[in-house]
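Chains as they are written, first to last, in my numbering: chain A, 1 to 393; chain B, 394 to 786; chain C, 787 to 1179; chain D, 1180 to 1572.
We put the beta carbon where it would ideally sit given N, CA and C, even for glycine.
Since the structure comes first, as structure tokens, the remarks are kept for the end.
Protein chains: 4
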Amino acid sequence: MGLTGTEIYPKASRRLRLGIVGGGQGALVGQWHWTGARLSNRWDLVAGALSSDPERALASGREWMLAEDRIYTDYAEMAKAEAARPDGIEAVAICTPNWTHRPIAEAFMEAGIDIICDKPMAMTPEDCAALAAKRAETGVVFALTHPYPYHPMARQAREMVAAGAIGEIRQALVEYAQDWATEADDPDSRSLSWRRDPAKIGRASATGDIGTHAFGMIEFVTGLKVAKLRAEFHVCGAPKAMEDTAFLNLAFENGAPGAMWLTQAAPGNYCALRFRVYGEKGGLEWDQEFPEHLRFRPLNAPEQVIVRGHGSGVAPAAERMALLPRGHGESLSDAWGNLYTEIAIAVEARREGGAVPADLLALPDLEDGTRGVKFIHAAADSSEAGGTWQALA
Amino acid sequence: MGLTGTEIYPKASRRLRLGIVGGGQGALVGQWHWTGARLSNRWDLVAGALSSDPERALASGREWMLAEDRIYTDYAEMAKAEAARPDGIEAVAICTPNWTHRPIAEAFMEAGIDIICDKPMAMTPEDCAALAAKRAETGVVFALTHPYPYHPMARQAREMVAAGAIGEIRQALVEYAQDWATEADDPDSRSLSWRRDPAKIGRASATGDIGTHAFGMIEFVTGLKVAKLRAEFHVCGAPKAMEDTAFLNLAFENGAPGAMWLTQAAPGNYCALRFRVYGEKGGLEWDQEFPEHLRFRPLNAPEQVIVRGHGSGVAPAAERMALLPRGHGESLSDAWGNLYTEIAIAVEARREGGAVPADLLALPDLEDGTRGVKFIHAAADSSEAGGTWQALA
Amino acid sequence: MGLTGTEIYPKASRRLRLGIVGGGQGALVGQWHWTGARLSNRWDLVAGALSSDPERALASGREWMLAEDRIYTDYAEMAKAEAARPDGIEAVAICTPNWTHRPIAEAFMEAGIDIICDKPMAMTPEDCAALAAKRAETGVVFALTHPYPYHPMARQAREMVAAGAIGEIRQALVEYAQDWATEADDPDSRSLSWRRDPAKIGRASATGDIGTHAFGMIEFVTGLKVAKLRAEFHVCGAPKAMEDTAFLNLAFENGAPGAMWLTQAAPGNYCALRFRVYGEKGGLEWDQEFPEHLRFRPLNAPEQVIVRGHGSGVAPAAERMALLPRGHGESLSDAWGNLYTEIAIAVEARREGGAVPADLLALPDLEDGTRGVKFIHAAADSSEAGGTWQALA
Amino acid sequence: MGLTGTEIYPKASRRLRLGIVGGGQGALVGQWHWTGARLSNRWDLVAGALSSDPERALASGREWMLAEDRIYTDYAEMAKAEAARPDGIEAVAICTPNWTHRPIAEAFMEAGIDIICDKPMAMTPEDCAALAAKRAETGVVFALTHPYPYHPMARQAREMVAAGAIGEIRQALVEYAQDWATEADDPDSRSLSWRRDPAKIGRASATGDIGTHAFGMIEFVTGLKVAKLRAEFHVCGAPKAMEDTAFLNLAFENGAPGAMWLTQAAPGNYCALRFRVYGEKGGLEWDQEFPEHLRFRPLNAPEQVIVRGHGSGVAPAAERMALLPRGHGESLSDAWGNLYTEIAIAVEARREGGAVPADLLALPDLEDGTRGVKFIHAAADSSEAGGTWQALA
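Written out as structure tokens, the structure is:
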């Protein structure tokens, strides 16, 4: 991320063709993908396997205005059919439950289609290795949808850390708090049914769902790897089969300690992804619920509130993501838009052979996805062992 | 706005065809229109007269991925050509300087094309009357692009006022503060050249540019008309030909007093559109730079912070505009998306004959545009006369 | 206020003897005086005419732990008796309704006792002139109790303006909003009975009560005199005999415009004295309900939050008032303490002949009190005349 | 704390006589004691052993306006001399380094003088037991100076928890962050010299200094005991002999988990004592740097901001501590004042035999002090053992 110039994203010459798997009626995350894709103005959504239920697939596909012959009920069929079309999709967004990510991604990679995959990327580190092998074999783009680093002021924090604004990092805290699991799960919720089943969600629930975001963010902002961690899993909301809350201790590769708090059972917290990073010379604090404002706290000087926009000390890599003028608020939709812009640039570069400046993109990829899965396993291992330290290789 | 049910916006059956006039390279407001249109997923942008300069028009049109034969340099030609095509545009977004709104709107209305017009709608009340006559004659949809009421929590405030949450309104304050006119204008700025010329911008500068937003917002939220006002225009930033600041006193139709502060020369204010409305039983406060949070201050009880989302006391008319779950921030892009959704519903209803529930839409229209122009004239009259009261018929 | 060194307040060698008139049981403002006096550790409260009702005077005096022979029911008797004692009071705090300030102050001045007087200082400019004449004749100290400028961060704002941090001032807004007059007055309230009677409170109610604070603050912070103003008085709460709300326009001596909003009928506002001052190079914003934080908004640079404390850019004149370390909150009690410290220094200097550095004190005095009364009269004149401009000589 | 009425603190009939040990020139904490004592208006400071250095003791004593014959250099001598005087002190405030608390308290208890002791109360649990035995033997009042629970809105939180406003507590977080230890210690600092020496400060530095406040607060607010904890000590600021940072995990007696973060090396944090407590039905959040505002987050309803003052849902036990009207800010000085008021009531009750309503006071005492010391030892034990769980009996 050593950008010092004012490069902006290269313009697109055309919109790319996007397909989607999952995300049918009632599903939330598919909407975000499509929102980001539309905002970026670099994608047309043209095909989808929105449900394995034919009626629901058709209804969803019509809502998304897909041509009827490109509304599928089976992802494998979709991969084949689309690969065979001259106007077939160029990338697929995978918005399905965790346990299906690997087979779906493999099917599309084999069809030569670029991958846009939800997190957590897979169920196990072995799955991740298999995906990495397939990626190496097929040469496709593999993007992981971590939208939060695409908030410009989160990016600004990373840039400031990298530029030494707060000196060597000495401690860092990150948290992601929600409240929707405080009460008992709705037994009819299709979304929740698989989130409480280790066979479908993996070894952790909240830790996988929101913990991977928190983990990805703190490594992103600090530029440091978490070397080891320990974790306690808890059920703090209504009784349920898997954890809704976790308290973690972190040790970064430079020896700095850290802490992570994850919960979906803290009333009044909605999407409270927050980090606080402190170094020898200052601190940086950010809250996803107020994404336009980064608090920079230099030692022995007044706090500065850096607001998204152009100029006034905003780094080029953050400016590039700011579409609206300062104060004309951007938010999570816009972050998804930025993410889909970078994905489009990467996909177009692969397909058109265009050169992308080496330091232009910071696309979360297979490596980030693999770290996220290792994070989940290390946390689960630690919690099961009573809170022992676990290395994160 | 008497909605008490949970009606949601009707789904679109197809995307509508949109054209744009103005908004070429370097222009800001065209981007917002297109952003809103994309986010709504109800529009395809297919034609544009993005500049009268052929080279610039072509470059801009390519950037927006228009077909070359639908990149125009002349709006009148565009209106005719598009009207003649079977796949011609169904609505046009007019994003040009104020003085051109009337002729452009007239040309497209005559061609039977629905109108999406920037504010201020026109130069004079006479222009407004002419537009209204043409609108009546042609029967097109005429939407005015006031995006701020499409922030769900501004809508929530209106709903709460209408439902009596704060009782009879007794006073109201509104302000819109920016800082970009603190320093001398860039002499090379194409955007600024016409903003300091009464022949092109009309009788006021800041008062027209941001004052119409503040005026529209305070009438929208209170549900009350401003009966009269008085104004002082000032230059508080670097010397310039027209006012960058205005202080106004308001008298609402129910006798309640109010105040409005407008400035583009208050350092550190970016897009600070804020209202504070107080009634017999409580108050409501909102700030566009923190659009997700509405502060409700009931008398003799703790303040409540109402956060955009579903449930927890959010009114149906505000819920309907909330796409993301609470805390997963929405902002100005999303407000433009909501506005373009409502415009699409109105346009589709006209074209397809679909029934729109009478109370579903609250689309700013010609009447709002006319009030905005009258507001500008009354303010200019007052300021020129030394701050006398001027009726707003 | 040209302090550039780090002078601190000179230490006291003894506590001064303080008397109080008014402020008996149930009265609020007397408590604040005594709180400030105690906090400063420079005063002993030894005498009082706390009520004209003997029983209530005695009860109040015992509560305040006065010796019984120094509990008076008549201020004139108190002035004489105390002047005759070798251990008589050295200063008197006058905490009575407005209309009594002049005769009480005159009685104590004649007795050679220093004056600490509530605002508004008197009923009319003529009263003010009479007090000034008596002050000149007797040579006593005359302090006016404006506590808000004794919040260190309000002082910091003044220092920054004086040092040019925001350049020439171009506009300034001040407001003081409360909500206690939203509902009908309690007919049994002794405090309210005189606040609605022009014969006792003077020509204005809210404008005198809280407006003088707002007016004093904005002249204090900007370092500019208000040259003229216009005003509208309104009743926005329950019906009452005098205004509970006022909207004012200001013109400062340098030509900069300003606005003032005063209300005691805005639900959810408690003691919301706020200023926003903008110059060529930046802005300063402060809110009495969050007194520890001054927002400095330099043009084209991130906002800074200056927190009360020592170092980190805090000016000496503000540092001097900060007793607790940064973050260990100070508030209105502490502001009263700072005020009573400065009063004690002035009183001790007069009595002991000690030299006070010329630029150490910024004590609000007779001149400030006179301006406050002129402000009330100009505002009332303007409102009665329909909002005409009135000069503030 | 089962108060449901509106009892207020009983009035004092006279001021009590207070002595102080420690707190001479340059010492901070003595100022706070004396500030609180003055504000309460229930104490006269009449004697002190402000330093063992005669010159410094004299200078400090004069500054505090003590009679010269009551300025001591030796606490033992002071205890004896004051006990022998008919006007001797009734209570002593002990503001010295940790290791001296026990012998000083013992000397004054033996002299029959009531004790006001800084935290941590002593060096070891054995010291605590010895103090408890001496307390039982002498029957004196023993108050521990935890001022933060005397912020009315912290008290309000406790009352709301006790009244079931948030239901059964399911998790709780507390933190106390400062930044003064980020840089290297000043080698000339008298205050720091003993804070880095385990023989003088005890087994922990930051954990004892600020951790005891955080620990006391979280037990106070939740009404739950911490059953066990684990801790990691770190040096995150400049290298130093003892920890400046600690991360702790808590397990409350009801099984709820918790976390504590303590640091004196987080730039931009000054006195950031904050708690967040979540139950089945809601949450409560408070920040000492904004002490007037308690955030109540009921599940499925808008957040409420409860502001210190009278009425509007404030519990009697919090109202009783509120002197100024809502919005007329109170802060840490006022909290110390409240604490000294309660101490005075307890001391007066012992000396005068007055009946104190059983539920009026919530004075932190020997038991709280003992828990604080046990907390320090458990944390140190855990950290030394690599983060094992340690019971807090």
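If the cut-off is 7 Å on Cβ atoms, which residues from the region 246–262 of chain A count as contacting chain C, listed in chain order? Residues: none.
Kindly indicate which three-state DSSP category Gln-957/C falls into: helix, strand or coil? Secondary structure at Gln-957/C: strand, using DSSP grouped into helix, strand and coil.
Cβ of Gly-722/B within 7 Å of any chain A Cβ: So yes, Gly-722/B belongs to the interface.
Between the CA atoms of Thr-1386/D and Pro-1299/D - distance to the nearest angstrom: The straight-line gap from Cα to Cα measures roughly 10 Å.
Own chain residues within Cβ distance below 8 Å of Ala-1177/C, not counting five before or after: Excluding sequence neighbours, Ala-1177/C sits near Ala-1013, Lys-1014 and Ala-1164.
When you compare the CB of Pro-1077/C with every CB in chain D, is at least one pair closer than 7 Å? Under the Cβ distance rule, Pro-1077/C counts among the residues neighbouring chain D, one pair being separated by less than 7 Å.
Tell me the rounded alpha-carbon separation between Pro-97/A and Thr-428/B. Looking at the backbone, the Cα of Pro-97/A and that of Thr-428/B are separated by about 30 Å.
Residue-chain proximity (Ala-378/A, chain B), Cβ-Cβ < 7 Å: Using beta-carbon distances, Ala-378/A does not count as an interface residue toward chain B, since no partner is under 7 Å.
How about Thr-968/C and Ala-869/C: do their beta carbons lie closer than 7 Å? No, these two residues do not count as a Cβ contact at 7 Å.
Please classify Glu-777/B: is it buried, with 16 or more other beta-carbons within 10 angstroms of its beta-carbon, or exposed? Residue environment: Glu-777/B is assigned as exposed (fewer than 16 neighbouring CB atoms within 10 Å of its CB, all protein chains considered).
Span separating the alpha-carbon of Leu-131/A from that of Ala-430/B: Between Leu-131/A and Ala-430/B, the C-alpha separation is close to 37 Å.
Please report how far the alpha carbon of Leu-1034/C lies from the alpha carbon of Met-1046/C, in whole angstroms. Going by C-alpha positions, Leu-1034/C is about 5 Å away from Met-1046/C.
Between which two residues does the beta strand (DSSP E) carrying Phe-142/A extend? Element bounds for Phe-142/A: 142–144.
Could you check whether the Cβ of Pro-86/A sits closer than 7 Å to any Cβ belonging to chain D? Judged by the 7 Å Cβ criterion, Pro-86/A is not in contact with chain D.
Looking only at DSSP bridge pairs, what is Gln-1176/C linked to? Note: Gln-1176/C is bridge-paired with Leu-1015/C in the DSSP secondary-structure output.
If Trp-436/B sits next to Ala-737/B, beta carbons under 8 Å apart, how far is it from one beta carbon to the other, in whole angstroms? Right, their Cβ atoms sit about 6 Å apart.
Going straight from the alpha carbon of Asp-904/C to that of Asp-1293/D, what length do you get? Rounded to whole angstroms, the separation of the alpha carbons of Asp-1293/D and Asp-904/C is 40 Å.
From Arg-15/A to Ala-47/A, what does the alpha carbon distance come to, in whole angstroms? One C-alpha to the other measures close to 14 Å.
Decide if Lys-1313/D is buried, meaning its Cβ has at least 16 other Cβ atoms within 10 Å, or exposed. Buried, by the Cβ-count rule.
Of all the options Leu-1545/D, Pro-1536/D and Asn-1517/D, which has the alpha carbon lying nearest to the alpha carbon of Pro-1328/D? Answer by Cα proximity: Asn-1517/D.
Can you tell me the Cβ-Cβ gap for Ile-1295/D and Thr-1324/D, rounded? I've got them flagged as a contact below 8 Å. Correct: roughly 6 Å between the Cβ atoms.
For Trp-573/B and Ile-89/A, the rounded distance between their alpha carbons: Going by the C-alpha atoms only, they are around 44 Å apart.
Lys-1379/D CB to nearest chain C CB: under 7 Å? For Lys-1379/D, no Cβ of chain C is located within less than 7 Å of the residue's own Cβ.
Just verifying my parser: in three-state terms, what is the DSSP assignment at Phe-375/A? In the structure shown, Phe-375/A sits in a helix (DSSP, three-state: H, G or I).
Output yes or no for whether 7 Å exceeds the beta carbon distance between Ala-172/A and Thr-124/A. At the C-beta level, Ala-172/A and Thr-124/A stay beyond 7 Å of one another.
Give the secondary structure of Leu-516/B by DSSP, where H, G and I count as helix, E and B as strand, and everything else as coil. Checking the sequence, you will find Met at residue 516/B rather than Leu. Met-516/B: coil per DSSP, three-state reduction.
Name, in chain order, the residues that DSSP records as bridge partners for Asn-249/A. Beta-bridge partners assigned by DSSP to Asn-249/A: Arg-230/A and Ala-259/A.
Output the boundary residues of the alpha helix (DSSP H) element that contains Asp-680/B. Unbroken run through Asp-680/B is the beta strand (DSSP E), 675–680; no alpha helix (DSSP H).
For Gly-805/C, the three-state DSSP class (helix, strand or coil): In this structure, Gly-805/C counts as strand in the three-state DSSP scheme.
Nearest-angstrom Cα distance between Met-1288/D and Ala-853/C? Between Met-1288/D and Ala-853/C, the alpha-carbon positions lie close to 32 Å from each other.
According to DSSP, Asp-366/B sits in a beta bridge with which residue or residues? Here chain B comprises residues numbered 394 to 786, so residue 366/B is not present and cannot be evaluated.
Closer than 8 Å, Cβ to Cβ, to anything on chain A: give me those residues from the region 939–950 of chain C, in chain order. Under the 8 Å Cβ criterion, the region 939–950 of chain C contributes no residue.
Below 7 Å CB to CB, which residues in the same chain sit around His-1238/D once its five sequence neighbours on both sides are set aside? The question names His, but residue 1238/D is Ala in the sequence shown. Hits under 7 Å: Gln-1204.
Taking C-beta pairs closer than 8 Å, name the residues in chain C that Ala-1451/D reaches, listed in chain order. In chain order: Gly-1113.
Close Cβ partners of Asn-41/A (< 8 Å) along its chain, the five nearest in sequence each way excluded: Within the same chain, Ala-12 and Arg-15 come within 8 Å of Asn-41/A by CB-CB distance, once the 5 residues on both sides are set aside.
Any C-beta of chain C sitting closer than 7 Å to the C-beta of Glu-1242/D? True, the Cβ-Cβ gap to chain C drops below 7 Å.
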